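Q: What follows is a structure written as structure tokens; I'll ask about it next.
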Amino acid sequence: MNHDNIHDSIDASPLDALAQRLQSEDTGHGADLPQASAAAEPTGPLFSDLGLNEALIAALNDSGYTQPTEVQVRAIPAAMNGADLRVASSTGSGKTAAFMLPALERILAARGDAKRREKGKVYGPRVLILAPTRELALQVAKAADTYGRHLQGLRVATVVGGVPYGAQLKALRGPLDVLIATPGRLLDHMNNGAAILANVEVLVLDEADRMLDMGFIDDIEIIAQQTPENRQTLMFSATFAGHVGKLAERLTRNSQMIDVASHTDRHDNIEQRLHLADTLGHKNDLLDHLLTTKEVDQAVVFTSTQRDADMLADRLADMGHAVAALHGGLPQGRRTRVLQALRMKQLKILVATDVAARGIDVPTITHVINYGMPMKPEDYVHRIGRTGRAGRAGLAITIAERRDIPMVRRIERFTTQRIPESTIAGLEPKMRAPSDSRGPARGGKPAPGQRQYRDDRGAPRFGANREGGFGGGGNGGGYRGSRDEGSSDRGGFGAPRGDFAPRQADRPFGDRPSYGDRPAKPFGDRPTFGGDRPSYGDRPAFGDKKPFGGKPSFGKPGFKAGGPKPGFGGNKRPGQGRRED
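If you count by the working numbering, then the sequence shown holds residues 6 to 586, one letter each, in order.
As structure tokens, then:
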């Protein structure tokens with residue numbers, strides 16, 4: 006087999022090369038396709054019924070899959086007929102295959118034209134796929150490898166932020182079938198004349214709603230303007246309300262709407278629970294208990310900020326858990342290694358932020374725990390979708406303080422589901438949740454031993470002189486507890502001492518700086534497409550308070566990025582959030 010795939014977005018250190026090789030060998034479909042079952046008889050359409058090329062059917066059969074999901078049944082034939090699509094589908098529904106298989110069909114159909122192309126001339130990709138995060142882009146690239154394993158000479162490149170430019174420039178100059186990119190880094194290459202989009206036949210926007218949340222709306226429109234007007238556009242999003250719908254109107258022509266699973270998808274295979282916490286110490290005690298139950302195979306714990314992720318991962322590692330942090334402040338090589346360790350079950354717990362968790366597809370994740378609340382109800386839906394992949398059972402637990410109750414009620418209204426309240430013997434809360442976000446139900450009184458709910462959002466959450474705060478003190482089990490600062494010699498992933506060599510104190514974890522290989526700015530009369538790209542991270546932590554302790558943590562980045570730069574054109578669009586590329 007002469008399958009010449011280009012994966013140039015990973016830093017070329019030995020550990021990164023190993024992670025890349027392992028990733029390319031692991032061709033499981035995760036949530037893209039239903040679980041294979043030798044005993045079950047198919048009751049619906051088969052992939053062979055959708056008109057796919059024999060080479061694609063063979064690749065699916067190699068993995069033991071024959072029956073598509075609902076979104077694949079509806080989207081694949083329409084896309085193969087050349088229609089523009091707006092597909093509303095939830096995470097885990099199999100949307101990646103829904104756009105990748107028709108895209109590969111288009112490449113197969115154009116093979117004759119490819120032979121007539123002038124040798125040495127840069128034509129750019131036929132298929133351009135935009136994704137909001139690096140992890141999701143790499144997951145899509147993995148799907149291209151899997152589905153295209155029998156397509157001779159298929160060339161796939163990934164262009165994402167956080168890694169050097171050199172290998173990406175080389176890939177962009179060569180023959181290319183599929184380009185998978187995050188908007189900010191692709192715009193950088195366009196700005197330097199390296200990315201040619203004049204021959205794009207299919208433009209795919211994966212998780213379009215998330216890209217707009219991260220502030221990529223200007224980038225997307227600039228990129229789309231450089232592609233042919235007669236291209237096919239496939240947009241996949243959890244919702245097409247608001248700005249997403251308006252963007253779809255501008256980018257698509259006579260598009261078909263396919264609504265497979267909106268945000269009201271009930272996630273029947275995922276049990277949801279709500280635990281109320283009186284204090285931060287109580288919250289930590291609940292988390293510690295939940296993570297030590299025998300039912301936990303692997304868990305993702307979500308925090309609201311990068312700093313919280315690092316600090317919580319430190320605390321859990323000190324307790325003996327195999328744990329690592331994952332967030333947008335980490336170099337791409339490290340993020341890749343963390344995800345590979347999760348897939349190989351070297352890690353039991355992943356502490357992550359919303360942005361970094363996009364694209365995580367690990368079927369063995371049994372629990373999702375919301376330690377920090379999401380910024381929006383939509384993020385809650387994406388969070389809990391990290392478990393219960395491909396029809397498996399999963400458990401999603403939210404630990405909420407009093408200040409978090411209004412967001413809990415917003416989530417319940419958004420999903421049209423009530424999250425049942427649960428308690429743990431010996432860790433029962435003293436407060437009770439109100440009947441809605443406005444406070445307790447009319448006439449309601451606290452039960453014996455319980456406190457009346459009151460909104461204390463103005464009270465300090467971190468670092469206050471209370472039981473269980475960050476600095477220890479009392480018996481509340483604060484973040485740092487009684488730990489000796491700077492005393493740990495823990496290796497990577499939070500595994501037992503000695504599993505990984507400790508890093509040297511005077512250098513990062515072997516990852517090269519994200520922007521150290523950046524090419525020079527354009528010169529002369531070459532047009533630009535927006536100048537230097539800003540690099541926003543996840544939701545910022547409070548103030549500029551430094552982490553406690555001086556020891557290095559696996560989850561901490563090995564470099565310090567500069568502050569954000571003004572966005573393209575200085576325009577601020579409604580609804581834009583923090584962006585990461």
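C-beta atoms are modelled at their ideal positions from N, C-alpha and C, and glycine is treated no differently. Keep in mind that this is a model prediction, so the values were computed, not measured.
Output needed for P434: all residues of its chain with C-beta closer than 6 Å, excluding positions within five of it in sequence on either side, in chain order.
A: These residues qualify, in order along the chain: L281 and D283.
Q: Verify whether the separation of the beta carbon atoms of A3 and F104 is less than 8 Å.
A: The requested residue 3 does not occur in the structure, where the chain is confined to residues 6 to 586.
Q: Do you know offhand how far H314's Cα is from T341's?
A: The sequence shown places Ala at residue 314, rather than the His named in the question. Using only the alpha carbons, I get a separation of about 17 Å.
Q: Which runs of the alpha helix (DSSP H) at least 4 residues long sit entirely within the stretch 289-347? Give them in chain order.
A: The stretch 289-347 contains these whole alpha helix (DSSP H) runs: 311-323.
Q: Just to confirm the assignment, what range does the alpha helix (DSSP H) spanning I410 have?
A: Start and end: I410 to T420.
Q: Starting from A253, trace the beta strand (DSSP E) in both directions and tell me its first and last residue.
A: Per DSSP, A253 belongs to no beta strand (DSSP E); it is in the alpha helix (DSSP H), H248 to L256.
Q: Note down, in chain order, each residue of its chain lying with its Cβ closer than 7 Å to the Cβ of D264, except the 5 sequence neighbours on either side.
A: Excluding sequence neighbours, D264 sits near A93.
Q: Evaluate G399 with the Cβ neighbour count: other Cβ atoms within 10 Å of its Cβ, from every protein chain shown; 16 or more gives buried, anything less gives exposed.
A: Under this definition G399 is a buried residue.
Q: Going by beta-carbon coordinates alone, are Q352 and V328 separated by less than 8 Å?
A: A small fix is needed here, since residue 352 is Leu in this sequence, not Gln. Against a cut-off of 8 Å, the Cβ pair of V328 and L352 comes out as a contact.
Q: From the DSSP output, read off the bridge partner residues of F241.
A: F241 pairs with V92.
Q: How many angstroms separate the CA atom of A243 from the CA atom of M216?
A: Roughly 11 Å between the two C-alpha positions.
Q: Just checking my contact of L279 with T403 at CB under 8 Å: how many whole Å lie between their CB atoms?
A: The Cβ separation is near 5 Å, so the contact holds.
Q: What's the C-alpha gap between G390 and S95?
A: Taking the straight line from one Cα to the other gives about 8 Å.
Q: What's the C-alpha gap between Q337 and R437?
A: C-alpha separation (whole angstroms): 42 Å.
Q: Where DSSP assigns a beta bridge to H372, which residues make up the other side?
A: H372 is bridged to A304 and L400.
Q: Determine the closest residue to G377 out of N86, A203 and T310, with distance taken between C-alpha atoms.
A: Among N86, A203 and T310, the Cα nearest to that of G377 is on T310.
Q: Report yes if the CB atom of I354 is closer than 8 Å to the CB atom of L321, and no otherwise.
A: Cβ distance < 8 Å, so I354 and L321 count as in contact.
Q: Just the Cα atoms here: how many angstroms apart are Q422 and I416?
A: Rounded to whole angstroms, Q422 to I416 spans 8 Å at the Cα level.
Q: Grab me the residues of V205's own chain with a C-beta within less than 8 Å of its C-beta, minus the 5 sequence neighbours each way, in chain order.
A: So the qualifying residues of the chain are G129, P130, R131, V132, L133, T232, P233 and R236.
Q: When you compare only the Cα positions, how much space is there between A114 and P107?
A: So the alpha carbons of these two residues sit roughly 11 Å apart.
Q: For A64 and H155, what's the separation of their Cα atoms in angstroms?
A: If you take the alpha carbons of A64 and H155, they lie about 7 Å apart.
Q: In the DSSP assignment, the alpha helix (DSSP H) including M195 goes from what residue to what residue?
A: Taken as a continuous stretch (DSSP letters only), the alpha helix (DSSP H) holding M195 covers P188 to N196.
Q: From the DSSP secondary-structure annotation, give me the bridge partner or partners of T163.
A: T163 pairs with I185.
Q: What's the C-alpha gap between V76 and H287?
A: Approximately 42 Å between the Cα atoms of the pair.
Q: Counting beta carbon pairs with one atom in the stretch 141-160 and one in the stretch 179-187, are three or more of them shorter than 8 Å?
A: Contact holds: three or more Cβ-Cβ distances are below 8 Å.
Q: Can you say whether G153 is buried or exposed, counting buried as having 16 or more other CB atoms within 10 angstroms of its CB?
A: Looking at its Cβ environment, which holds 16 or more other Cβ atoms inside 10 Å, G153 is buried.
Q: Tell me which same chain residues have a C-beta within less than 6 Å of the C-beta of D384, skipping the five on either side of it?
A: The residues are D359.
Q: Excluding sequence positions up to five away, which residues of its chain have a Cβ less than 8 Å from the Cβ of M324?
A: Only D293 meet the Cβ criterion.
Q: Would you tell me roughly how many angstroms separate the C-alpha atoms of T59 and L109, rounded to the nearest one?
A: The sequence shown places Glu at residue 59, not Thr. Roughly 12 Å separates the two Cα atoms.
Q: Express the C-alpha separation of I365 and E406 in angstroms, rounding to a whole number.
A: Between E406 and I365, the C-alpha separation is close to 27 Å.
Q: At the level of alpha carbons, what is the spacing between L5 and P50?
A: With the chain running from 6 to 586 in the structure shown, residue 5 is simply not present.
Q: CB-CB under 6 Å to V367, same chain, minus the five flanking residues each way: which ones, in chain order?
A: Excluding positions up to five away in sequence, the list reads L347 and R348.
Q: In three-state DSSP terms, what is Q351?
A: Looking at Q351 - three-state DSSP - the assignment turns out to be coil, as it is neither helix nor strand.
Q: Along the chain, where does the beta strand (DSSP E) that runs through Q230 open and close?
A: No beta strand (DSSP E) holds Q230; the alpha helix (DSSP H) holding it covers I222 to Q230.
Q: Measuring straight from C-alpha to C-alpha, what distance separates K147 and R408?
A: So the two alpha carbons sit approximately 41 Å from each other.
Q: So for I365, helix, strand or coil by DSSP?
A: Three-state result, I365: coil.
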